[in-house]
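Just so we're on the same page, our numbering is the position in the sequence shown counted from 1, plus 17. Worksheet: the structure to be examined is printed underneath.
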Amino acid sequence: MPKIRHLVGIEGLTDEDLDFLLSDDAGSRREGAVALMFHEPSTRTRFSFHQAARRVGLDPLHYDASTSSEKKGETLLDTCRNLSWMGVRAFVLRNKENEVPHRLARDLNLPVINAGDGTNEHPTQALGDARTLVEHFGSLKGLTVSIVGDVRFSRVARSNTKLLTRLGAEVLLAGPTVSGRHPFGVGSPGKVMPVEQALTSADAIMMLRWQDERHITKASDRSMFHLHSTVLEEKAKPHAVVMHPGPINRGVEMTSEVADGKRSLVAKQVEHGVAARARVLQWALSS
Ligand code: CP
18 MPKIRHLVGI EGLTDEDLDF LLSDDAGSRR EGAVALMFHE PSTRTRFSFH
68 QAARRVGLDP LHYDASTSSE KKGETLLDTC RNLSWMGVRA FVLRNKENEV
118 PHRLARDLNL PVINAGDGTN EHPTQALGDA RTLVEHFGSL KGLTVSIVGD
168 VRFSRVARSN TKLLTRLGAE VLLAGPTVSG RHPFGVGSPG KVMPVEQALT
218 SADAIMMLRW QDERHITKAS DRSMFHLHST VLEEKAKPHA VVMHPGPINR
268 GVEMTSEVAD GKRSLVAKQV EHGVAARARV LQWALSS
């Protein structure tokens, strides 16, 4: 039986998988439908998967949990099985709880793609961000990427730290810590750094949204891990770029001047998100 290709996180990917996922679309097409099952709000990920599915020849089916038979007690696994009998060939999942895609992948004989699970991982965001950095800098080798803000609760930070480190970048993490501990646990990739040092050392500064739906943020943390254009111009390297996965809360993580400024790669991240997700769908359905 052919191996089913799930994308639940960065760790399970081989070097060969990464070569495929980070390469350009060779134009190969797939047939069938992909179910986009979002149990948490999303704009970029949901609609870039829609565009990506169309780009590779798949029909994107948007699942609305609030009007589905989940409301009548049907399990997620049974829901996915029923959709598969209608021609769905892969499932894209976003959930509030960690590891929902991992559990589904164990029980389902079709590809499961993680579009963000709780505070755990957001692998397709990281793939799009890696493409953005490679396009801008040519390579990730030797690059310093500082991830700043709500690192501990961020699935974007977790996936990006794993992927960018694997591709040769040094990742610095600056955010509120619990007693100075590594936000992802002892031995995890990424170096914890004071914010000032993270800003001055970086070739790319990735700011993060405060995950207000998951915890209460102190006002002092919001102001400490905030990027203002004056700080950017005075402290960052002249060539340093600014990234943010979105959604941006203008004036909170960074000022509009920074978000829309000449150093910002935010629009590129969204563009590359579509290409990355198209490649993920081709990869998942290429066994
Ligand atoms: N970056 C990101 O995941 O954005 P959405 O929540 O809008 O999908």
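Ideal Cβ placement from N, Cα and C applies to all residues, glycine included. Just so we're clear, the structure is a prediction, and the values are computed from it rather than from any experiment.
Asked                                                                                                                             : Found
Endpoints, beta strand (DSSP E) assigned at residue 239                                                                           : Residue 239 -> not in any beta strand (DSSP E); alpha helix (DSSP H) instead, spanning 236-241.
Proximity of residue 275 and residue 249 at Cβ, strictly below 9 Å                                                                : yes
Straight-line Cα distance separating residue 300 from residue 34                                                                  : 8 Å
As assigned by DSSP and simplified to three states, the class of residue 145                                                      : helix
Residue 22 in three-state terms, based on DSSP                                                                                    : coil
Residue closest to residue 23, alpha-carbon to alpha-carbon, out of 65, 127, 67                                                   : 127
Neighbour flag for residue 191 against chain D, beta carbons, 9 Å                                                                 : In the structure shown, chain D does not exist; there is a single protein chain.
Secondary structure, beta strand (DSSP E): runs of 3+ residues fully inside the segment 172-245                                   : 187-191, 221-224
As assigned by DSSP and simplified to three states, the class of residue 140                                                      : helix
beta-carbon residue 140 near the ligand CP non-hydrogen atom, thresh 8 Å                                                          : no
Same chain, Cβ closer than 8 Å to residue 112, neighbours up to 5 away in sequence not counted                                    : 56, 57, 118, 133, 134, 135
Selected residue, minimal CA-CA separation from residue 106, among 179, 147, 70, 152                                              : 70
For residue 267, the three-state DSSP class (helix, strand or coil)                                                               : strand
Beta-carbon spacing of residue 54, residue 110 below 9 Å                                                                          : yes
Start and end residues, alpha helix (DSSP H) containing residue 117                                                               : 117-124
Residue 118 CB to nearest heavy atom of the ligand CP below 8 Å                                                                   : no
Cβ separation of residue 61 and residue 263, assumed to be a contact under 8 Å, to the nearest whole Å                            : 5 Å
Cα-Cα separation between residue 30 and residue 73, rounded to whole angstroms                                                    : 21 Å
CB-CB length for residue 52 against residue 100, believed under 8 Å                                                               : 5 Å
beta-carbon residue 109 near the ligand CP non-hydrogen atom, thresh 8 Å                                                          : no
Burial state of residue 103, where buried means 16 or more other Cβ atoms lie within 10 Å                                         : exposed
Alpha helix (DSSP H) segment containing residue 297, residue limits                                                               : 283-301
Contact under 9 Å by Cβ, residue 260 with residue 297                                                                             : no
Beta-carbon contacts of residue 220 that lie in its chain and below 8 Å, excluding the five residues immediately before and after : 154, 160, 161, 162, 254, 256, 257, 258
Check: residue 148 C-beta below 8 Å from any heavy atom of the ligand CP                                                          : no
Which listed residue (20, 41, 182) has its alpha carbon closest to that of residue 148                                            : 41
Bridge partner(s) assigned by DSSP for residue 59                                                                                 : Its beta-bridge partners do not exist; DSSP assigns none.
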